[in-house]
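In the working numbering, the protein residues as written are 8 to 174.
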């Protein structure tokens with residue numbers, strides 16, 4: 008397992024192997040039904056708690072696990088919330104990892120799309136933001152109201168969109 012840490016002196020984010028990098032969480036939401044979760048276009052407040060990094064603001068994430076998977080048992084189903092630490096990786100890498108994990112779980116012998124670990128991207132920069140040990144000042148309220156929405160797509164719509172998203 009891996010864990011995320013930040014070296015304050017140089018400011019680099021680094022990964023160390025110490026068996027603390029992935030959180031697996033089991034939670035109970037036995038009074039919540041899936042129709043409640045999906046029945047509104049706005050995300051119910053209870054659903055935010057299905058994601059382990061909810062309420063992590065800005066620099067706090069540097070000291071979080073790399074990945075957290077939370078399984079919440081609902082009254083009539085199961086909700087699996089997966090979150091990744093964006094101080095370490097981005098959403099594209101996360102979904103590539105998640106899809107590769109799904110393929111391995113299905114027993115495939117060869118993963119269809121392997122991750123790219125090259126460090127020669129134009130997006131890699133030697134520029135570094137130096138922060139004090141306490142982190143940068145948060146310039147917004149983490150408690151400010153934020154409207155989050157649920158979008159639903161039919162299988163047919165997803166099948167039509169899938170080729171457009173392939174790269």
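Virtual Cβ for every residue (Gly too), placed ideally from N, Cα, C.
Member of the options whose CA lies at the smallest distance from the CA of residue i
i	options	result
residue 53	36, 46, 167 and 97	36
residue 151	38, 62 and 117	62
residue 44	73, 88 and 71	88
residue 49	153, 115 and 170	153
residue 90	73, 99 and 84	73
residue 107	167, 165, 161 and 119	119
residue 71	165, 30 and 116	30
Distance between residue j and residue i (C-alpha atoms, nearest Å)
i	j	result
residue 148	residue 156	20 Å
residue 34	residue 77	7 Å
residue 32	residue 57	10 Å
residue 9	residue 144	Note that residue 9 scores a pLDDT of 48, beneath 50, so its modelled location is shaky; the value from the coordinates is reported in the next line. Straight-line Cα distance between these residues: approximately 28 Å.
residue 28	residue 86	22 Å
residue 93	residue 172	22 Å
residue 59	residue 51	16 Å
residue 158	residue 79	20 Å
residue 163	residue 141	49 Å
residue 161	residue 168	11 Å
residue 98	residue 114	24 Å
residue 146	residue 116	48 Å
residue 75	residue 55	14 Å
Span of the beta strand (DSSP E) around residue i
i	result
residue 86	85-91
residue 168	Premise fails: residue 168 lies in the alpha helix (DSSP H), 162-172, not in any beta strand (DSSP E).
Residue i in three-state terms, based on DSSP
i	result
residue 9	Because the pLDDT at residue 9 is just 48, under 50, the model does not fix this residue reliably, and the value given afterwards should be weighed accordingly. Of the three classes helix, strand and coil, the one that applies to residue 9 here is coil, per DSSP.
residue 29	strand
residue 53	helix
residue 39	coil
residue 145	coil
residue 74	strand
residue 81	strand
Unbroken alpha helix (DSSP H) run spanning residue i, endpoints
i	result
residue 98	98-112
Beta-carbon proximity list for residue i, same chain, < 7 Å, skipping 5 on both sides
i	result
residue 38	82
residue 104	122
residue 101	91
residue 112	none
residue 84	41
Close-in-space but distant-in-sequence residues of the same chain around residue i (CB under 6 Å, 5 per side omitted)
i	result
residue 110	118
Residue-level contact to chain D via CB, residue i, 8 Å cutoff
i	result
residue 38	No chain D is part of this structure, which consists of one protein chain only.
Own chain residues within Cβ distance below 8 Å of residue i, not counting five before or after
i	result
residue 47	157
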